[in-house]
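*Asks:* Right, I'll just put the structure down here and ask away after.
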Amino acid sequence: MASKLVRHSHLRALSSSISINNHIHSPHFSNPNRAPLSFSYRLFSNASSSSSSTGGFQRSSSLKDLELAKFASIAETWWDSEGPFKPLHVMNPTRLAFIRSTLCRHFRKDPNSARPFEGLKIVDVGCGGGILSEPLARMGATVTGVDAVEKNIKIARIHADLDPVASTIEYCCTTAEKLVEEDRKFDAVIALEVIEHVANPAEFCKSLAALTVPDGATIISTINRSMRSYATAIVAAEYLLHWLPKGTHEWSSFLTPEELVLILQRANITVREMAGFVYNPLTGRWSLSDDISVNFIAFGTKNCQ
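Numbering of the sequence shown is given in the UniProt record's numbering, commencing with residue 1 and proceeding in unit increments.
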């Protein structure tokens, strides 16, 4: 089912042009100058990429100190499937279905193999406690997990030691910018539910692109800046249903799919596929969909130069 969804014609091969084949419409996207100056500055400001370490986490131009502190305060709950990160645990199988489908197709791997990512080097940027890094390693990838919060990395390492396969993961308390400075390169760069927490999405995506080998893959998931996302991802999820701690998200920090495509395009990455995540309250499960009005995920490739 998941494979069929991400292959759907209007989710595949998104045009590198801003119109995105007319499947998505947005006044901000069709005319970026209509965005408020402060918002445009946040997206495309060319701030320096210097980074430093303080207070148990790595700082950089693309990160927000308050966001790092927020996640540091609940780091010990990463592997509590009923805790603050329960939504990510529940969403993880669907996120992995999209990753498996797109990476196998791009790198010509067998999606039915137990270890389809054998031979691939993958970095999980903003890995948290490792809930995505571990299954990627079990699927055969050589995984590097990086997070700016030291507590997150400690939890990830402790949990990985319980599994011989997961124990091969390289966990580092660092930032994407630092990896760029170290000239690290990966076949696939993945950043899920991270970009909405950074101060400068454009600089962040430039770092992701710099980490990606030519014709390599970049996968990003986030939340759309729509009225529906405000109602569901913030009001319902944080204040009514208490799925997430209050203040987890700022609606103004969300990106529309059109904005993400434009930012990645400017970073030399062409978005090829996009899908939405839809939650079924009756089954308690997420599924891939063509509805990108709230949660969505994008797969792109770095242009060869």
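Glycine included, every Cβ here is placed at the ideal spot set by N, Cα and C. Values in this document were obtained by computation on a predicted structure and should not be read as measured data.
1) According to DSSP, is Ala137 part of a helix, a strand, or is it coil?
2) Measure the Cβ-Cβ separation of Val194 and Gly140 and say whether it is below 8 Å.
3) Excluding the 5 residues preceding and the 5 following Phe117 in the sequence, name in chain order all residues of the same chain whose CB lies nearer than 6 Å to its CB.
4) Give me, in chain order, the residues of the same chain whose beta-carbon lies closer than 8 Å to that of Ser289; leave out the 5 immediate sequence neighbours on both sides.
5) Quick check on this structure: which residue in Phe296, Glu196, Leu103 and Val149 has the alpha carbon closest to the alpha carbon of Ala69?
6) Tell me the residue span of the alpha helix (DSSP H) that contains Leu260.
7) Can you check DSSP and say which residues form a bridge with Gly129?
8) Going by other Cβ atoms of all chains shown within 10 Å of its Cβ, with 16 needed for buried, is Cys104 buried or exposed?
9) For Pro214 and His242, I'd like the C-alpha separation in whole angstroms.
10) Verify whether the separation of the beta carbon atoms of Asp187 and Ile122 is less than 8 Å.
11) Based on Cα-Cα distance, which residue from Leu179, Leu255 and Gly216 lies nearest to Ala199?
12) Considering just the uninterrupted stretch of the alpha helix (DSSP H) at Glu181, what are its terminal residues?
13) Report yes if the C-beta distance between Gly216 and Leu264 is below 8 Å; otherwise report no.
14) Taking DSSP as the reference, what is the three-state secondary structure of Val213?
15) Would you call Arg285 buried or exposed, if buried means 16 or more other Cβ atoms sit within 10 Å of its Cβ?
16) Can you tell me the Cα-Cα spacing of Ala166 and Ile99, whole angstroms?
17) Which residues mark the beginning and the end of the beta strand (DSSP E) in which Val143 is found?
18) Closest by CA to Thr77, which one among Phe204, Ile155, Glu196 and Cys205?
19) Using the C-alpha atoms, what's the distance from Leu208 back to Thr218?
20) Where do the N-terminal and C-terminal ends of the beta strand (DSSP E) with Ser287 fall, by residue?
21) Is the beta carbon of His159 sitting closer than 8 Å to the one on Gly130?
22) Look at the alpha carbon of Thr175 and the alpha carbon of Ile74, and state the distance between them as a whole number of angstroms.
23) Is it buried or exposed, Ser81, if we count other Cβ atoms within 10 angstroms and call 16 or more buried?
24) Can you name, in chain order, every residue of its own chain whose Cβ lies under 7 Å from the Cβ of Leu66, other than the five neighbours on each side?
25) Is it buried or exposed for Met227, if we count other Cβ within 10 angstroms and need 16 for buried?
26) Let me check understanding here. Comparing Cα to Cα, which of Val143, Asp147 and His89 lies closest to Gly128?
27) Assuming Leu192 and Arg95 make a contact with CB atoms under 8 Å, what is their CB distance in whole Å?
*Replies:* Based on what the coordinates show:
1) helix
2) no
3) Met139, Gly140 and Ala141
4) Leu5, Ala275, Gly276, Phe277 and Val278
5) Val149
6) Pro257 to Arg266
7) Note: Gly129 sits in no beta bridge, so no partner.
8) buried
9) 42 Å
10) yes
11) Leu255
12) Ala176 to Glu181
13) no
14) strand
15) exposed
16) 18 Å
17) Thr142 to Asp147
18) Ile155
19) 7 Å
20) Arg285 to Ser289
21) yes
22) 19 Å
23) exposed
24) none
25) exposed
26) Asp147
27) 6 Å
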